[in-house]
Structure formats: C-alpha cells, structure tokens
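For reference, the structure discussed in these notes is given below.
Protein chains: 2
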Amino acid sequence: MTISMYQSLVPVAIHNLKNLSAILKKGEEFAKAKKIDETVLINSRLACDMFPLTRQVQIACDSAKAGTARLAQIEIPSFEDNETTFAQLQERITKTINFLQSIKPEQIDGKEDLKISYHQRNKDHNFIGQPYLLNYVLPNIYFHITAAYAILRHNGVEIGKKDFLGN
Amino acid sequence: MTISMYQSLVPVAIHNLKNLSAILKKGEEFAKAKKIDETVLINSRLACDMFPLTRQVQIACDSAKAGTARLAQIEIPSFEDNETTFAQLQERITKTINFLQSIKPEQIDGKEDLKISYHQRNKDHNFIGQPYLLNYVLPNIYFHITAAYAILRHNGVEIGKKDFLGN
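If you want it as structure tokens, here you go:
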C-alpha cells in the first residue's frame, strides 16, 4: 500500500460521509423519540450568524464532490440546495457518495502539481493540486461534518466521537 | 512534489495548530474586551457531557504528537494536562509544534504498512500505518480543532471559516 492523492481523498470522503449519514440518522431518531418537528433540528445553529445543520451537510457534500471533480478535471455534479428533511439530506449524501465511487484512482493520482483555477463568489481561486487537497478540500470536509455533529450534540442527540470516526 | 505520509501529516498538523493558536488568540482578546474572566471561555462546552475548550485543545495537540510519534516509532512526548489560561494553552500548542518540527520526512515516509499497537484506557489498539493516519490521526486533529472553534463561535467570538483554514 502506498499513500496517493486518490487514497487520501476519495475513500476518506466516502468513509466520513457515511459517518455523517449515521449521525444524521441518530438526529432523526432523536427528533422522532422526543416528538420534535425535524425542521427544528435541521434549522438549528450554534450561533445566529453561523450556518444551520442543513447547510453544513450541503457544504460537506459539496466540498467532497467539488474537490474530487476539480482534481479529476471533470465537471462538478450540481445539486440543488433545497433539502428540508433528514430524508432529503440522506439522499444528498447518497448522491455524493455515488459520484465519489464512480471516480477511478488514475483520475486523481499524480495530480500533486495540477493547477486549479476557478471563479466563485466573485473571487478568483488558484490552487496547486496537493495543497488544494491537504489544506483546502480535506479541512473543509472535516470542518462541516464536525459542525453538523456539534449542532446535533449541542441539541442533546446522543452521539460521541466514535460516531464521528466510524469503524 | 509527491504526496507522502509525512506531507499528509506533519506540515498539515503544524498548519492547523497555528490556526488553532490564532483562533484562541481571538478568544482571549474577546474575553479581555468584554471583561469576561478567561476561565469562563476556557471551561465552556457545547453540551454538559462534552469536553470543555481546554480539553479540546489538549486532545488536538495530543492527537498530533501521538500520531506523529507512533508513525515515527519514537517515544511520545508527555505533557501534563494542567492548563487553566489561554497563555498556557498557547504554550502547549507551541511545544507540540516544536516537537512536530523536529521530525524528519524519512521518519514518517514509507510507514504505510507499519503495525501500530498500544494499550490505552484499558483497551488494546491495533492499526496499520496508512489507515491510522487517514482514518484516525487526521480526523481526530480536525475534530478537536473544529470543536474548539465551535465552542468559541457559539460564545460569540468573531471567527469564521477563514480563521480555521488559515492561509
């Protein structure tokens, strides 16, 4: 086994999105057990000017799919940001995992020096493959999954670091 | 440039610990500006059965130093868990970064298949180098740094994802 760009990203993102899915499942069960409208949890935030749970899940998925597609030099699959239920968030995660699973190692491996340039939110972004992966894509995935975890944890859902790390 | 075990861990951990240090600095300044005893922030939690800020910072540091030392097959530097001020947390981060900076690429590179076994908290832990790095060490570092970020963010400290990602 040798570490590679693909190994560092695609199986890692799939693993963490599956953990996020399991965490959200516990959130959904918590809402049902407590007879709480699920939109209360879905719209919950840690600070009033911080993104709610839905948006954290959307961006976690988007970080994984955009990062992978840009390194693979293929079009980024576009998903509408319209989820309002746990079931819809699960669908988004599944669609993201399906896309990640369609990527072959040779599409990502060897892209350490790839120049990546794009325009987003009125800004030019310029990256090089390896730092893009290590200092942008992976931290973004972990940041938004941990934020989703923290929102549910703060609201009383019984989850622990084991759920975040998975098997 | 080719991705390697060292590149995926040591510079990444140093970069993220520096970001954590900058985030804590903003927390300290916030406490001063609001005339809040810094121990209020230091002991703040997102849930009453979740670790407070201090412990999140301690474990972020410990995940980085233990993960690196185990892959380098050297003794893990031991730090006492006795920080009660922002200044002391900064010292712990500095000591951790100093240790990480003492590690040479050849001490970590090529350790993909290394068998790692240790006993901790009444449990045997058995890992293989690459999954240990990708599925245990890195997620732990990101999890605890994001948790520290989220505690400060929840308490009103003006930080954003840019502070988490750094330059």
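For the protein sequence lines, the chains are C and E, in the order given.
When you read off a place in the first sequence, starting at 1, and then add 21, the result is the number in the working numbering.
When you read off a place in the second sequence, starting at 1, and then add 21, the result is the number in the working numbering.
The beta carbon of each residue, even a glycine, is placed where N, CA and C say it ideally should be.
From a predicted model like this one, the values you see are computed outputs, not experimental measurements.
Item, Value
"Can you find a C-beta in chain C that's less than 8 Å from the C-beta of H140 (chain E)?", "no"
"Helix, strand or coil for K56 (chain E), going by three-state DSSP, please let me know.", "coil"
"Beta-carbon within less than 8 Å of I137 (chain E)'s beta-carbon, same chain only, minus the 5 sequence neighbours each way: which residues are those?", "R91, L92, H146, N147, F148, I149, G150 and Y153"
"Alpha carbons only, please: which of C:V31, C:I180 and C:H165 is nearest the one belonging to E50 (chain C)?", "C:I180"
"Mind checking who K144 (chain C) pairs with in its DSSP beta bridge?", "C:Q141"
"Are the segment 101-109 of chain C and the segment 68-81 of chain C touching, with three or more C-beta to C-beta distances below 8 Å?", "yes"
"Rank C:A171, C:H165, C:L110 and C:V61 by C-alpha distance to the C-alpha of N85 (chain C) and give the top, closest one.", "Before going further, note that residue 85 (chain C) is Ala rather than Asn in the sequence given. Comparing Cα-Cα distances from A85 (chain C) to each of C:A171, C:H165, C:L110 and C:V61, the minimum goes to C:H165."
"Distance check for Q122 (chain E) and Q94 (chain E), CA to CA, integer angstroms please.", "16 Å"
"How would you list, in chain order, the residues of chain E whose beta-carbon sits under 9 Å from the beta-carbon of V33 (chain C)?", "L155, N156, L159 and P160"
"Can you give me the C-alpha to C-alpha distance between R66 (chain C) and I172 (chain C), rounded to a whole angstrom?", "6 Å"
"Decide if the segment 112-130 of chain C is in contact with the segment 32-44 of chain C; the criterion is three or more beta carbon pairs, one per stretch, under 8 Å apart.", "yes"
"My assumption, with CB atoms under 8 Å, is that A169 (chain C) sits in contact with R174 (chain E). Please give the rounded CB distance.", "Going by Cβ atoms, the distance from A169 (chain C) to R174 (chain E) rounds to 14 Å, so no, they are not a contact pair."
"For K136 (chain C), does the three-state DSSP call read helix, strand or coil?", "strand"
"Given that E133 (chain E) touches chain C, what residues does it touch there, using C-beta distances under 8 Å?", "M22, T23 and I24"
"Out of curiosity, what's the CA-to-CA distance linking I57 (chain E) and V31 (chain C)?", "44 Å"
"To which residues of the same chain is I124 (chain E) closer than 7 Å at the C-beta, ignoring the five residues directly before and after it?", "V31, T89 and A93"
"Mind listing which residues of the segment 58-92 of chain E have their C-beta closer than 8 Å to chain C's C-betas, in chain order?", "L67, A68 and M71"
"Starting from the Cα of Y139 (chain C), find the closest Cα among C:K183, C:G48 and C:A87 and give me that residue.", "C:A87"
"So for I124 (chain C), helix, strand or coil by DSSP?", "coil"
"By a C-beta neighbour count over all protein chains shown, 10 Å radius and 16 as the cutoff for buried, is P126 (chain E) buried or exposed?", "exposed"
"Is the shortest distance between the beta-carbon of R174 (chain C) and the beta-carbons of chain E less than 8 Å?", "yes"
"Pick helix, strand or coil for I114 (chain E), following the three-state DSSP scheme.", "helix"
"Roughly how many angstroms separate the alpha carbons of I162 (chain E) and N188 (chain C), rounded to a whole number?", "17 Å"
"Based on the DSSP secondary-structure assignment, which residues constitute the bridge partners of I149 (chain E)?", "E:K136"
"Since A87 (chain E) is in the alpha helix (DSSP H), which residue starts that stretch and which ends it?", "L74 to A93"
"Give me, in chain order, the residues of the same chain whose beta-carbon lies closer than 7 Å to that of E59 (chain E); leave out the 5 immediate sequence neighbours on both sides.", "E49, A52, T106 and F107"
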